[in-house]
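This note's numbering applies: residue 178 is where the sequence shown begins, and numbers increase by one.
Note that the Cβ used here is the ideal one computed from N, Cα and C, for glycine as well.
Notes follow the structure.
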Amino acid sequence: MPTAEHPPRIPATRKEEGLWLLERLVPGEGVNNVPGVALRVAGRLDRAVLQEAVAQLVRRYDTLRTVFHADDTRLTKSVLAAVPVRLEGEDCADVEAGLRELITRPFVLDGTPLLRVGLFHGPEHDSVGVAVHHLIFDGTSMSIFLEELAAAYDAVRAGDLPDAGAPVPLWPESEPKPESLAFWREHLRNFDAGGPGLWCGGQESAQPTLRGEQLVRPFSAEAKDVVTALQKELKAPDVVVLLAAYYLLLHAHGAGPDLAVGFPVNVRSQQAQRAIGYHVNIVPLRVRIDPAETFRGFSRRVRDLFFEAIAHADVPMDVLLPEVARAGSSWRTTLFRHVFNYLPFGGRAATSIGGASAEVVEIDPGHSKFDLEFVILPSAEESRVKAVYGAEVLDRGEVELLLERYDALLVAAASAPDRPLRELDGWGATDHAVLGTPGRPAGTDTVLTAIARHVTENPGAPAVVTDEGVTSYRDLWRAASAVTTLLADAGTGPGDVVAVAVPRGPDLAAAILGSWLAGATVTTDVTDAKSVLGAEEISYAVTVTVDPDASAVSPDGPAQPGVTHRELADSVRPVAGLVAGRPVLWLSAAVPELLLALTTGAPLVVAPDAARTDGHLLAGLLTRHDVGVVHATPAVWARVAEHLGEAARGRTTLIGAEPAPGPLVRTLRALEADVHTVFPFGGRWVLADGVPVAGLGAEVVAPDGRRLPLGVRGELKLGGSATGVLAHWRTDGTLHVHGPLDRQLTFGGTRVDLATVEDALTAHTDVVAAAVTVRPGAAELVAVVQAPDKPQLAAELARHAETVLPPVARPAWYLRVDALPETTTHAVDREAVAELVTGAAPAPETPAETAPDATTGAVVAMFGQLLKRTDVTEDTNFFASGGHSLLAAQLVQRIQKQTGVRLKLSAAFSHPTPAALAELITERGSTR
178 MPTAEHPPRI
188 PATRKEEGLW
198 LLERLVPGEG
208 VNNVPGVALR
218 VAGRLDRAVL
228 QEAVAQLVRR
238 YDTLRTVFHA
248 DDTRLTKSVL
258 AAVPVRLEGE
268 DCADVEAGLR
278 ELITRPFVLD
288 GTPLLRVGLF
298 HGPEHDSVGV
308 AVHHLIFDGT
318 SMSIFLEELA
328 AAYDAVRAGD
338 LPDAGAPVPL
348 WPESEPKPES
358 LAFWREHLRN
368 FDAGGPGLWC
378 GGQESAQPTL
388 RGEQLVRPFS
398 AEAKDVVTAL
408 QKELKAPDVV
418 VLLAAYYLLL
428 HAHGAGPDLA
438 VGFPVNVRSQ
448 QAQRAIGYHV
458 NIVPLRVRID
468 PAETFRGFSR
478 RVRDLFFEAI
488 AHADVPMDVL
498 LPEVARAGSS
508 WRTTLFRHVF
518 NYLPFGGRAA
528 TSIGGASAEV
538 VEIDPGHSKF
548 DLEFVILPSA
558 EESRVKAVYG
568 AEVLDRGEVE
578 LLLERYDALL
588 VAAASAPDRP
598 LRELDGWGAT
608 DHAVLGTPGR
618 PAGTDTVLTA
628 IARHVTENPG
638 APAVVTDEGV
648 TSYRDLWRAA
658 SAVTTLLADA
668 GTGPGDVVAV
678 AVPRGPDLAA
688 AILGSWLAGA
698 TVTTDVTDAK
708 SVLGAEEISY
718 AVTVTVDPDA
728 SAVSPDGPAQ
738 PGVTHRELAD
748 SVRPVAGLVA
758 GRPVLWLSAA
768 VPELLLALTT
778 GAPLVVAPDA
788 ARTDGHLLAG
798 LLTRHDVGVV
808 HATPAVWARV
818 AEHLGEAARG
828 RTTLIGAEPA
838 PGPLVRTLRA
848 LEADVHTVFP
858 FGGRWVLADG
868 VPVAGLGAEV
878 VAPDGRRLPL
888 GVRGELKLGG
898 SATGVLAHWR
908 TDGTLHVHGP
918 LDRQLTFGGT
928 RVDLATVEDA
938 LTAHTDVVAA
948 AVTVRPGAAE
958 LVAVVQAPDK
968 PQLAAELARH
978 AETVLPPVAR
988 PAWYLRVDAL
998 PETTTHAVDR
1008 EAVAELVTGA
1018 APAPETPAET
1028 APDATTGAVV
1038 AMFGQLLKRT
1048 DVTEDTNFFA
1058 SGGHSLLAAQ
1068 LVQRIQKQTG
1078 VRLKLSAAFS
1088 HPTPAALAEL
1098 ITERGSTR
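Have a look at this one:
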């Protein structure tokens, strides 16, 4: 029976349950600690007086005596008659460490107080730290509490009696008005909460931690002035102007065009402005961005939406969740990933306590519930913007650039409010400084003039080395000249196409160079070729009395289909610096390997085909010929790496054709090899990852053709031609290539890099190689793995994926093969992989204990009840069928109630179907 000591417990509100959900997702992390503050006092405070002042406030406010009780199935709350809050920090020697520990220490929802206060004595000043749980506090509450704490301290210090007035009761928020619910339903109609994320930042982690960081930047004087000017010109408050610019910043980085931004609204009534508690609703402000619209028109639309949303802010976000369709399995409970906040007067003003001035200092609790939040801190002296960001998604450098571009975007909008949005310059000063500087100019050499120079300067040097002998530069040039004569006799010359079908060796080198010297374009496709050169057509016995003039070949003429001689030379130059005169191994038929050696005057060592599969043979070649540079595909490197041993030390290993798998890179670096990634495009190496591209007109562009700034992913264009490759600029002006665009997918607004998924799977000890593709007709991933045929392999890989990949990036099923299919160039044959998946079905497992039908049926029934659907099957994805995080919490509660098996909330995300959950329930039940 409830008593004063044990008051009745009442159910938590939907909004409070939303906070509890995060507690369950990342338990023990303090994710709901309000950003803590410290009062830095220019003097000494009396500990006993401060203790009594805190006690007075706790006695006065029911909110500060509100405690919560969480068990496995529900959250309840009650208001205690008395709550002891002991002042902490008495014996703390390190003030900064003590304050941080006080503020970041998690609260436990077990009926204990959700308020902590500490007094820390420093050498020059005292510090009062305040830590509170969000369930009973918000930002406004913190300001009120600090003011009243200072007043209470001064009163107790002056000898005033404690306030004996009636306690201030909890301020009850009203139920959402029907017209507000109708507004938000219409506002969010057909909204996809899983829309595109930003084109910067990384992939989500396997298990979210909500780790966050903060960065503060003052507005430039110009930006501050233009915001004031725009207010007057657009007849909109500064918060609207700044919010409009934030939308455009997000849109320029990939969000939208239909996007929602969260905006915190204080929902206290006029009579309750001094109420302490959690009285903020974060409303989803959804806009559609039309690049043809002007900033003036867009700002007016944002202004109208802003005021409408404020008028209907009585609906908590958690009530709106069921109104929006969601796809995929994500832990996110929100309708948005990005938040915009505005704190008048620059946040919390300075105060005084005990007759001494006190500065309010905010202490970062180290968490962020959103990918990015901009908090505007305006003031007459210096307006600032604070960026709070998810450290798992964005890094500090990326956020610094975002803040810089935000400032620049405001200035650009003010200078041309009637210009279409697509024409606004949203680049920051750093972007212009790095990418606006002309790159290295294109070289004057073609590959032919470079090779001719080595023929002249060192004609007897070895050019091509085989087991049968050595061909010098002089002899190779003569052989190439013979090919030129042969083609001329056949009527083949400038503008014609020559197909070369010769094995690796001196003949192939001579055929390629001779065709180029004739002005012809070289290809391996005989379909449209005027001449075809095979081994029979080439003879070194031909005596050439007149060497062809390499400089007579036009640099702008085609060397290969779509590639000019100048472009071919420029593409080799960045990589050529890695050669340093050392022999280059010719392990494939790649033209760049030939050019990498011959344009630098190095020997080209021809490797037998068997070296692509025999690591011992390859190691012998490297050692015997002192090879300095080796290029191979990831598939070839994976086969030979473990047998290279000491032979790899000091060699430059180039991984090409596909993105380099992380485990492979780590293996080669462990052998002390110098590892680089090269990307082939149109028969040339367009870059070594991280090496500047010279003379190729490199740009990274958005889908609409806009040039993208530093750190923003887009398609790489070279010389105006699309490459089909995703890349971004680094801050040093170099490029980073992510891989083919068709290997970058988006599920539920989350980017999934298939190469990253493959890397994660190959980290499993049984997996030699992996190829991941999308199952035809279904938005799910399938992994084809080269691994031993063993029972429970798929189950083991699924468990492994849970630990290293976010739910959206985990394959739905696995197909084991003895070897991955390869193309003739020894890259993974993606088309063949897709055909394997199309013709196969998920392999039946032989589980240690098959999930009983009754368990699966029970979970299917729970899905149906929670989702309010009658079409649920054992393969229905909870989140793709309308489920969200709050419903997931109810799901695991029902599972525990009906089966006795306790699951973490994260299990609903990693096992989103009844079949998967039933198997997990059976597994956990058998080990209880």
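DSSP bridge partner residues for Ser435 (one or two, in chain order): Counting from one through the sequence shown, the residue named residue 435 turns up at place 258. It should be noted that the sequence gives Asp, not Ser, for residue 435. DSSP output for Asp435 lists Arg465 as bridge partner(s).
Assigned exposure category for Pro838 - 16 Cβ within 10 Å defines buried: Here residue 838 refers to the residue found at position 661 of the sequence shown. Buried, since its Cβ has 16 or more Cβ neighbours within 10 Å.
Pro751 classed as buried or exposed, judged by whether at least 16 other C-beta atoms fall within 10 angstroms: Residue numbering aside, residue 751 sits at position 574 when the sequence shown is read from its first letter. Its Cβ being crowded by 16 or more others within 10 Å, Pro751 is buried.
Three-pair Cβ contact test at 8 Å for the region 433–444 versus the region 458–475: When C-beta atoms of the region 433–444 are compared with those of the region 458–475, three or more pairs fall below 8 Å, so the two segments count as touching.
Spatially closest choice to Leu292 from Glu301, His298 and Thr281, by CA coordinates: As a position in the sequence shown, residue 292 is number 115, starting the count at 1. The candidate whose alpha carbon is nearest that of Leu292 is Thr281.
Cutoff 6 Å; reference His460; Cβ partners in own chain excluding five residues on either side: Along the sequence shown, one-based indexing puts residue 460 at 283. One detail in the question is off: residue 460 reads as Val in this sequence, not His. Same-chain partners within the cutoff: Phe440, Val442, Ala486 and Ala490.
N-terminal and C-terminal residue of the beta strand (DSSP E) that Glu363 is part of: Your numbering for residue 363 matches position 186 in the sequence shown. No beta strand (DSSP E) contains Glu363, which is instead part of the alpha helix (DSSP H) from Pro355 to His364.
Residues of its chain near Asp248, where Cβ-Cβ distance is below 6 Å and the 5 sequence neighbours each way are ignored: Along the sequence shown, read from residue 1 onward, the residue named residue 248 stands at position 71. Within the same chain, no residue comes within 6 Å of Asp248 by CB-CB distance, once the 5 residues on both sides are set aside.
CB of Ala815 within 8 Å of CB of Ala946, strictly: In the sequence shown, counting from the first residue as 1, residue 815 sits at position 638. In the sequence shown, counting from the first residue as 1, residue 946 sits at position 769. Cβ atoms of Ala815 and Ala946: closer than 8 Å.
Cβ-Cβ distance between Leu773 and Val740 below 8 Å: The residue given as residue 773 occupies position 596 in the sequence shown. The residue given as residue 740 occupies position 563 in the sequence shown. No, the pair does not count as a contact, with Cβ atoms beyond the cut-off.
CB-CB length for Ala590 against Ala422, believed under 8 Å: In the sequence shown, the residue the question calls residue 590 occupies position 413. In the sequence shown, the residue the question calls residue 422 occupies position 245. About 6 Å; that satisfies the 8 Å criterion.
Those runs of the beta strand (DSSP E) which lie wholly inside the region 388–426 and span at least 3 residues: You should have 389–395.
Whole-angstrom distance between Glu835 and Leu625, CA atom to CA atom: Counted from its first residue, the sequence shown places residue 625 at position 448. Counted from its first residue, the sequence shown places residue 835 at position 658. Their backbone Cα atoms lie some 28 Å apart in a straight line.
Reduced DSSP secondary structure (H/G/I, E/B, other) of Thr643: Walking along the sequence shown from the start, residue 643 turns up at place 466. In the structure shown, Thr643 sits in a strand (DSSP, three-state: E or B).
Residue of Val961, Leu912, Thr1033 and Ala270 minimising C-alpha distance to Ala1009: As a position in the sequence shown, residue 1009 is number 832, starting the count at 1. The candidate whose alpha carbon is nearest that of Ala1009 is Val961.
Cα-Cα separation, Pro997 to Val981: Along the sequence shown, one-based indexing puts residue 997 at 820. Along the sequence shown, one-based indexing puts residue 981 at 804. Per the sequence shown, residue 997 should be read as Leu rather than Pro. Distance between the alpha carbons of Leu997 and Val981: 23 Å.
Start and end residues, beta strand (DSSP E) containing Thr1032: Residue numbering aside, residue 1032 sits at position 855 when the sequence shown is read from its first letter. No beta strand (DSSP E) contains Thr1032, which is instead part of the alpha helix (DSSP H) from Asp1030 to Leu1044.
Buried/exposed call for Asp995, threshold 16 Cβ in 10 Å: If you number the sequence shown from 1, residue 995 lands on position 818. With fewer than 16 Cβ atoms within 10 Å of its Cβ, Asp995 is classed as exposed.
Between the CA atoms of Ala695 and Gly670 - distance to the nearest angstrom: In the sequence shown, counting from the first residue as 1, residue 670 sits at position 493. In the sequence shown, counting from the first residue as 1, residue 695 sits at position 518. Cα-Cα distance, rounded: 5 Å.
Under the three-state DSSP convention, the category Glu265 falls into: Counting from 1 along the sequence shown, the entry for residue 265 is found at position 88. If DSSP states are grouped into helix, strand and coil, Glu265 belongs with the strands.
Ordered list of alpha helix (DSSP H) runs contained in the region 184–269, each at least 4 residues: 191–202 and 224–237
Proximity to Leu1043 [Cα-Cα], best of Thr923, Gly1060, Phe856 and Ala1035: Residue 1043 sits at position 866 when you count from the first residue of the sequence shown. Checking every option, the nearest Cα to that of Leu1043 belongs to Gly1060.
Integer-rounded CB distance, given that Leu690 should sit under 8 Å from Ala665: Within the sequence shown, numbered from 1, the residue matching residue 665 stands at position 488. Within the sequence shown, numbered from 1, the residue matching residue 690 stands at position 513. Contact flag wrong, Cβ pair sits at about 15 Å.
Of the residues Pro886, Phe924, Thr900 and Asp919, the one placed nearest Trp906, counting alpha carbons only: Position 729 of the sequence shown, counted from the start, is the residue given in the question as residue 906. Closest by alpha carbon: Pro886.
Minimum C-alpha distance to Ala809 - residue among Arg801, Asp803, Thr829 and His802: Start at 1 with the first residue of the sequence shown, and residue 809 comes out as number 632. With distances taken between Cα atoms, Ala809 lies closest to Thr829.
Delimiting residues of the beta strand (DSSP E) encompassing Ile530: In the sequence shown, residue 530 corresponds to position 353, counting from 1. Ile530 -> beta strand (DSSP E) spans Thr528 to Ile530.
Residue environment, Asn367, which counts as buried when at least 16 other CB atoms sit within 10 Å: Walking along the sequence shown from the start, residue 367 turns up at place 190. Counting C-beta atoms within 10 angstroms of its own C-beta, Asn367 has fewer than 16 neighbours from the protein chains shown and is therefore classed as exposed.
Pick from Asp481, Leu296 and Glu206 that is closest to Ser545, judged by C-alpha positions: Residue numbering aside, residue 545 sits at position 368 when the sequence shown is read from its first letter. It is Glu206.
Per-residue burial, Gly372 [other beta carbons within 10 Å of its own, 16 or more giving buried]: On the sequence shown, residue 372 is found 195 positions in, with the first residue counted as 1. Gly372 comes out buried.
Proximity of Thr1015 and Asp1006 at Cβ, strictly below 8 Å: Counting from 1 along the sequence shown, the entry for residue 1015 is found at position 838. Counting from 1 along the sequence shown, the entry for residue 1006 is found at position 829. Cβ atoms of Thr1015 and Asp1006: not closer than 8 Å.
Proximity below 8 Å, CB of Leu296 to CB of Leu234: Counted from its first residue, the sequence shown places residue 296 at position 119. Counted from its first residue, the sequence shown places residue 234 at position 57. Not a contact, by the Cβ cut-off of 8 Å.
Whole-Å CB distance - Asp595 paired with Thr471, under 8 Å assumed: One-based indexing of the sequence shown puts residue 595 at position 418. One-based indexing of the sequence shown puts residue 471 at position 294. At roughly 5 Å, the Cβ-Cβ gap stays under 8 Å, so Asp595 and Thr471 are in contact.
For Gly874 and Gly896, the rounded distance between their alpha carbons: Taking the sequence shown and counting its residues from 1, the one referred to as residue 896 is at position 719. Taking the sequence shown and counting its residues from 1, the one referred to as residue 874 is at position 697. Each residue's Cα considered, the two are about 5 Å apart.
Collapsed DSSP secondary structure at Ser708 in the structure displayed: Position 531 of the sequence shown, counting from 1, holds the residue named residue 708. In the structure shown, Ser708 sits in a strand (DSSP, three-state: E or B).
Between the CA atoms of Leu375 and Asp881 - distance to the nearest angstrom: As a first step, residue 881 must be located in the sequence shown, where it is residue number 704. As a first step, residue 375 must be located in the sequence shown, where it is residue number 198. About 15 Å.
Inter-stretch contact at 8 Å, needing at least 3 Cβ pairs: the region 477–486 / the region 379–391: no
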